[in-house]
């Protein structure tokens, strides 16, 4: 047993013997021990200070403070994308070291073995507080991560529907990649909003960069055509790929009067903006580089 300072109060005992507690804690948390300084630099988290603060809150039975402390740590840990396995090992090490020092406290103070009922009550309270810290930490961590992912997804969605004004009345929407149901919904929401906000009279939607559209996305795409038409805007579709056209034929899809189709974006610009064919390619490069 380490040379510990005796105290009849557990809180004071842990304060007086903090150096020994930290030394034992580091010996238990083998993998975290070498990351102490790195974690401090990355997230400005002093693990030893926080461990000491946590055990004092636990012995004082301060549930609200324990949970609030855990929430703050969860946010910091998530914000800096620090490894969760280190946190799990650290919490286990704190629990193990705390129980060892609780035993030393009882031994130094000559406490007899507690009866089973009192011992069960005491251990249950301490364990519940440690568990509350763990649960609150991970809930806070997950919530922050979910909110961050949602913000990033919204940003990606906005960037994936780039409506580019060409004239006060004409805009281009070049789409690339795969259009699934989720993205089709995003496109519909964004297009209808921008058509109304920008008062677009003619929207040229270029699909030459679309590699795939699933069946449900095609159906939603047709609803978008209806919506744009209802808002008084003319829709021009360019660059339909053969494989997408085949899927539309299988689904018995017809544009009818909902949209005009052109073989290419270049052709649409030539027709609607009177761009000289010999200079249309250079004009497009200029437009997309602005």
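Numbering (the numbering used here), first residue to last: 76 to 365. Ideal Cβ positions, reconstructed from N, Cα and C, are used throughout, including at glycine.
Own chain residues within Cβ distance below 7 Å of residue 271, not counting five before or after: 306
For residue 215 and residue 149, believed in contact at Cβ under 8 Å, the rounded distance: 3 Å
Beta-carbon separation (whole angstroms), residue 276 vs residue 327, contact threshold 8 Å: 30 Å between Cβ atoms; not a contact.
The region 238-255 in contact with the region 204-222 per 3-pair CB rule at 8 Å: no
Coarse secondary structure for residue 139, derived from DSSP in three states: helix
Rounded C-alpha distance that separates residue 368 from residue 253: Since the first residue of the chain shown is 76 and the last is 365, residue 368 is not available in this structure.
Residue interval of the beta strand (DSSP E) (run including residue 279): 277-288
Which of helix, strand or coil DSSP assigns to residue 79: coil
Nearest-angstrom Cβ-Cβ length linking residue 311 and residue 343, presumed shorter than 8 Å: 5 Å
For residue 249: DSSP bridge partner residues: 281
Residue 99 beta carbon less than 8 Å from that of residue 367: This structure gives no information on residue 367, because the portion of the chain shown stretches from 76 to 365.
Boundaries of the alpha helix (DSSP H) in which residue 172 is found, first to last residue: 159-183
Secondary structure of residue 311, DSSP reduced to three states: strand
Which of helix, strand or coil DSSP assigns to residue 337: strand
Candidates 317, 116 and 82, of which the one nearest residue 284 by Cα: 317
C-alpha distance - residue 333 paired with residue 226, whole-angstrom precision: 34 Å
Selected residue, minimal CA-CA separation from residue 278, among 163, 265, 287 and 290: 265
Secondary structure of residue 317, DSSP reduced to three states: helix
Per-residue burial, residue 179 [other beta carbons within 10 Å of its own, 16 or more giving buried]: buried
Three CB pairs or more closer than 8 Å across the region 132-148 and the region 93-110: no
According to DSSP, residues forming a beta bridge with residue 254: 288
Coarse secondary structure for residue 380, derived from DSSP in three states: Given a span of 76 to 365 for the chain in the structure shown, any question on residue 380 remains unanswerable.
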